[in-house]
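Counting in the numbering used here, the sequence shown runs from 22 upward without gaps.
Built from N, CA and C at the ideal position, the CB exists for glycine as well.
Written below as structure tokens is the structure these notes are about.
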Amino acid sequence: MNAIGLLVIILFILMVFVGGGQGIKAFLGLIINFFVIFILIILINWQFNPYVVTAIMGTIILAVAIYLGADNSDVADTAFKTSVIVVAILMLLSVVIQYFGQFQGFANENSEELEGLSLTVGLSFSHIAMIVMVISILGAVSEAAMAIVADLNEVVQRTTDMTSQSLYAHTRIIGGQILGTAINTLFFGVLGANLPLLIWFVRLKYSLAMFVNAKLLMVEVVTMVLGMLGILLSIWLASWFVVRRYVRQQKVGINNERDI
22 MNAIGLLVII
32 LFILMVFVGG
42 GQGIKAFLGL
52 IINFFVIFIL
62 IILINWQFNP
72 YVVTAIMGTI
82 ILAVAIYLGA
92 DNSDVADTAF
102 KTSVIVVAIL
112 MLLSVVIQYF
122 GQFQGFANEN
132 SEELEGLSLT
142 VGLSFSHIAM
152 IVMVISILGA
162 VSEAAMAIVA
172 DLNEVVQRTT
182 DMTSQSLYAH
192 TRIIGGQILG
202 TAINTLFFGV
212 LGANLPLLIW
222 FVRLKYSLAM
232 FVNAKLLMVE
242 VVTMVLGMLG
252 ILLSIWLASW
262 FVVRRYVRQQ
272 KVGINNERDI
């Protein structure tokens, strides 16, 4: 057994130990999403429209991650609706960023790895760069949406007589906490993954201009910024959906009391 297989087994055991039945569902969701990504690669290789394929597969990944990771249908529905809207916005934004930034393809630092290989693969590297950006932000968006909706739903259930102004105050407090931790997770994840590259740049005495124009580094930075923007939009939009539903339920309750 190799190291990856051993780590997968350890992950499964820990997910079952911590989450029980919900942990098994979450692990199953990981396996399903792995095959969804594999199907996405095949469809792109078969020259299907990359925008349509990315939109469909991204929606499937969000649905699997959210509905297999939540035990409350209301929470899952709100988080899924939020995630789909946010990812659609970020997908459009990634197309614009890719058009002006031209992050597709490989950089000079990849020359040694690509030696002896052909780049005439018949695929648009611009489309591939867009797909990578979108797929990379799905986890951050769905996680932020699930976290804020679940926390606010818990607050509403425990305080049934809470005013809408008080709920808005809770959204700011909880949203700020989630925003800080999620953005730090993204930042240190990108920093850790690219630390060898940064050390290499420093040892080669890259100037600041070369740092800023390094394609390998800028792709990661742009993806990280898109993820941070996705977290921010998810928290804001999910909070708005929860508060709107709560206000509507309050109005329905008041009308029912008047009818009685």
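What distance in whole Å lies between the Cβ atoms of Glu241 and Val268, which are believed to be in contact at a cut-off of 8 Å? About 41 Å separates the CB atoms of Val268 and Glu241; that is not less than 8 Å, and the two are not in contact.
For Leu89, which residues in the same chain have their Cβ closer than 8 Å to its Cβ, ignoring the five residues on either side in sequence? Lys46, Ala47, Leu49, Gly50, Ile53
Under the three-state reduction of DSSP, which class applies to Trp67: helix, strand or coil? coil
Do Ala166 and Ser255 come within 8 Å of each other at the CB atom, strictly closer than that value? yes
Just to confirm, is the Cβ distance from Asn215 to Leu238 under 8 Å? Yes, the Cβ-Cβ distance between Asn215 and Leu238 is below 8 Å.
Nonlocal neighbours in the same chain, by C-beta distance under 7 Å from Ala84, ignoring five residues either side: By the criterion of a C-beta distance shorter than 7 Å, Ala84 is surrounded in its chain by Phe101, once the five residues flanking it on both sides are discounted.
Would the region 179 to 196 count as touching the region 218 to 225 if we require 3 or more Cβ pairs under 8 Å? no
In terms of alpha-carbon separation, which member of Phe55, Met112, Asn174 lies closest to Ala76? Ranking Phe55, Met112, Asn174 by Cα distance to Ala76 puts Met112 first.
Assigned secondary structure, Gln123 (DSSP; H/G/I helix, E/B strand, else coil): coil
Buried or exposed by the 16-neighbour rule on C-beta atoms within 10 Å, applied to Ser260: Buried is the call here.
Cα-Cα separation between Val107 and Thr244, rounded to whole angstroms: 15 Å
Rounded straight-line distance, which links the Cα of Tyr227 to that of Met164: The sequence shown places Glu at residue 164, not Met. Between Glu164 and Tyr227, the C-alpha separation is close to 36 Å.
So, for Asp172: in the same chain, excluding its five sequence neighbours on each side, which residues have a beta-carbon less than 6 Å away from its beta-carbon? Ile195
How should Met154 be labelled, buried or exposed, when 16 other C-beta atoms within 10 angstroms of its C-beta is the threshold for buried? buried
Of the listed residues Val263, Val233, Phe33, nearest to Ser187 (C-alpha basis): Val263
With 16 other Cβ atoms within 10 Å as the buried cut-off, status of Thr99: buried
Who are the Cβ neighbours of Ile199 in its own chain at under 7 Å, not counting the five residues just before and after it? Ala165, Ala168, Ile169, Ile256
Can you tell me where the alpha helix (DSSP H) holding Thr192 begins and where it ends? 185 to 214
Figure out for me which residue from Ala203, Asp92, Gly160 has the closest Cα to the Cα of Gly41. In terms of CA proximity to Gly41, Asp92 leads the group Ala203, Asp92, Gly160.
Of the residues Gln270, Arg265, Gly251, the one placed nearest Ser115, counting alpha carbons only: Here the closest residue by C-alpha is Gly251.
Whole-Å CB distance - Thr80 paired with Val105, under 8 Å assumed: About 6 Å; that satisfies the 8 Å criterion.
Ignore the nearest five residues each way along the sequence and tell me which others in Asn174's own chain have a CB closer than 6 Å to its CB. Val96
With a Cβ-Cβ cutoff of 8 Å, do Ile65 and Ile152 count as a contact? Yes, these two residues count as a Cβ contact at 8 Å.
Tell me whether Asp182 sits in a helix, a strand or coil according to DSSP, three-state version. DSSP places Asp182 in coil when its eight states are reduced to three.
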